[in-house]
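The structure appears right after this line, and notes come after that.
Numbering (my numbering), first residue to last: 1425 to 1568.
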């Protein structure tokens, strides 16, 4: 409709039985639309919904290993972790400690975590450094 004063725009909106909705107040001159406010709200919600549907949420997948987990089992778990990283998910690796393994040397436990990390084929970065958790030792990695 072109550039017009606020009074003209309000009168025009009133004539058409619509509302005057300010779209971008920071523009010079400010941009406004003459339309039904209910329809405007509906369109905005619809835009938000489609934007939310397009954005993929990052899941955190878990892998549990024990101190005595065999090499073949570690390879299988590392392969699965690689697949999850490829999909864009984060992977949380728990070194599950039971009984007296809870009191083992922390260097030894970190070495055990490194064993599975070496088997992961995808380039990754450490999102959270290895730390003690109620289950044992935990590290979180994500795709680099």
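In this text, a Cβ means the ideal position worked out from N, Cα and C, and glycines have one as well.
Query                                                                                                           : Result
Buried versus exposed call for residue 1484 [16 or more other C-beta atoms within 10 Å across all chains shown] : exposed
Contact between the region 1486–1505 and the region 1531–1546 (3+ Cβ pairs under 8 angstroms)                   : yes
Per-residue burial, residue 1447 [other beta carbons within 10 Å of its own, 16 or more giving buried]          : exposed
CA-to-CA distance, residue 1467 to residue 1516, given in whole angstroms                                       : 39 angstroms
Option nearest residue 1587 by Cα separation, candidates 1536, 1530 and 1481                                    : Summary: the structure shown does not reach residue 1587, with the chain confined to residues 1425 through 1568, and so no result is reported for it.
Expected contact under 8 angstroms - CB spacing of residue 1445 and residue 1514 to nearest Å                   : With 8 angstroms as the limit, residue 1445 and residue 1514 do not qualify as a contact, their Cβ atoms being about 41 angstroms apart.
Nearest candidate by alpha-carbon position, reference residue 1518, set 1536, 1527 and 1463                     : 1536
DSSP beta-bridge partners of residue 1486                                                                       : 1516
C-alpha distance - residue 1449 paired with residue 1455, whole-angstrom precision                              : 6 angstroms
Reduced DSSP secondary structure (H/G/I, E/B, other) of residue 1426                                            : coil
Local Cβ density within 10 Å of residue 1489, reported as buried at 16 or more and exposed below that           : buried
Nearest candidate by alpha-carbon position, reference residue 1399, set 1558, 1440, 1476 and 1563               : Look at the range of the chain in this structure, 1425 to 1568, and you will see that residue 1399 is not part of it.
Opening and closing residue of the beta strand (DSSP E) in which residue 1505 lies                              : Taken as a continuous stretch (DSSP letters only), residue 1505 belongs to no beta strand (DSSP E), being part of the alpha helix (DSSP H) at 1495–1510.
Beta-carbon proximity of residue 1560 to residue 1520, cut-off 7 angstroms                                      : yes
Exposure label - residue 1544; buried when at least 16 CB within 10 Å                                           : buried
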